[in-house]
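Single-structure report; data block below.
Residue numbers (mature numbering (1 follows the signal peptide of the UniProt record, and there is no 0)): -21 to -1, 1 to 340.
Laid out in structure tokens, this is it:
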């Protein structure tokens, strides 16, 4: 009987200690979660709604992010300043947009919160070795179930490859990063665009459209009233076609773009044939554009007024179409086709402008 009571007493102590440990772990996890929420709100207020990213020192990072319990999702970007890391700034901007998108998204009560942390591995050398990374940038995901391989000898916490974002582009789209994050969190967060950004984008497009229509109407009026304008425009086109822009334009041009598999499609298999086709196409379009303006200027002197008016407008349209086709080719060359809007991507053009060589891509 005494043995039975002793066994019951030991079992009771085990249950009590287990419940106490669970309660203590839950309380610690809630405290850490509340601390991260306060830091996120403070970062959002300090930047006036432009960022929801937390910056931590080594001690706080180990305590809040690495050590268990972690009843939340954390995405960590290990990066460096742009002065020492050219490839860190693009992913940093996408990471910031992803953080704002999560902050502004409606969060349900049963969902685990998501936090965003950015570490400067250049100014803090400890962040360079804490996860064993030998380069930057790195975007990783940490959760309660994340199994970190700890090495006491080197004080490293190795992150599994499955919890690391594999960057395939110099400027990763924020939508692609959000898709990867959604697979980790189980949420469906989309890219957040503020009302100010939408208004500014609409205003820019409207201004460009009005300016383009006004310029086109004035150009048609000037071409009909002063035919010499067409001659001047034709000479200007000839000057452009012999300038350094076409030096960069005719090296590695992709006329067709990308196929279904995402690979570039070429008009010829060999590079010589490809360059020959590109050169003939672009040169022909520029010549057609310039000659069309000359014909439009001389049409009133060749035939009667009614037919000349229609003929002049037709050749003006042909000149615009020919010039637009060359512009489309230039968009493929610089990578502007992969970004929406009228402007190229920030990394579309690199290098300095050299005499008679155009942009050095």
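No residue lacks a Cβ here, since even glycine has one placed at the ideal position from N, Cα and C.
In the DSSP assignment, what are the bridge partners of residue i?
i	result
residue 137	128
residue 118	56
residue 33	96
Taking residue i and residue j to be in contact with their CB atoms under 8 Å, please state how far apart those CB atoms are, rounded to whole angstroms.
i	j	result
residue 95	residue 156	Actually they do not touch by this definition, with Cβ atoms about 11 Å apart.
residue 172	residue 154	Rounded, the Cβ-Cβ distance is 12 Å, inconsistent with contact.
residue 163	residue 52	7 Å
residue 58	residue 116	4 Å
residue 268	residue 291	Actually they do not touch by this definition, with Cβ atoms about 15 Å apart.
residue 17	residue 92	Contact doesn't hold; Cβ gap of about 12 Å is too wide.
residue 271	residue 294	4 Å
residue 168	residue 81	5 Å
residue 341	residue 208	Outside the modelled stretch of the chain, which goes from -21 to 340, sits residue 341, for which no answer is possible.
residue 160	residue 23	Between residue 23 and residue 160 the Cβ distance is about 18 Å, and since that is not below 8 Å, they are no contact.
residue 100	residue 32	Actually they are not in contact, since the Cβ atoms of residue 100 and residue 32 sit about 15 Å apart, beyond 8 Å.
residue 213	residue 273	5 Å
residue 44	residue 118	Contact doesn't hold; Cβ gap of about 14 Å is too wide.
Just how far apart, CA to CA, sit residue i and residue j?
i	j	result
residue 83	residue 176	15 Å
residue 60	residue 26	18 Å
residue 297	residue 275	10 Å
residue 20	residue 10	16 Å
residue 195	residue 259	28 Å
residue 185	residue 147	34 Å
residue 76	residue 30	8 Å
residue 206	residue 307	28 Å
residue 355	residue 181	Since the first residue of the chain shown is -21 and the last is 340, residue 355 is not available in this structure.
residue 64	residue 98	14 Å
residue 121	residue 62	28 Å
residue 66	residue 149	7 Å
residue 114	residue 137	14 Å
residue 145	residue 204	60 Å
residue 140	residue 90	25 Å
residue 49	residue 135	18 Å
residue 165	residue 151	21 Å
residue 411	residue 8	Because the chain here runs from -21 to 340, residue 411 falls outside it and cannot be looked at.
residue 6	residue 179	46 Å
residue 87	residue 143	26 Å
residue 278	residue 202	11 Å
residue 109	residue 85	33 Å
residue 112	residue 158	24 Å
residue 28	residue 263	52 Å
residue 197	residue 286	22 Å
residue 123	residue 174	36 Å
residue 129	residue 261	59 Å
residue 12	residue 190	52 Å
residue 72	residue 183	22 Å
residue 215	residue 188	24 Å
residue 68	residue 46	29 Å
DSSP state of residue i, grouped into three classes?
i	result
residue -14	Only weak support is given to the placement of residue -14: the predicted model assigns it a pLDDT of 49, under 50, and the value that follows is read from those uncertain coordinates. Residue state, collapsed to three classes: helix.
residue 98	strand
residue 207	helix
residue 170	coil
residue 143	strand
residue 350	Nothing about residue 350 can be read from this structure; the chain reaches only from -21 to 340.
residue 149	coil
residue 40	helix
residue 110	coil
residue 49	coil
residue 85	coil
residue 165	coil
residue 65	coil
residue 90	coil
residue 104	coil
residue 123	coil
Below 6 Å, is the gap between the Cβ of residue i and the nearest heavy atom of the ligand SAH?
i	result
residue 274	With respect to the ligand SAH, the structure offers nothing, as it holds no ligand at all.
Is the region 95 to 115 in contact with the region 29 to 47, if contact means three or more CB pairs nearer than 8 Å?
-> yes
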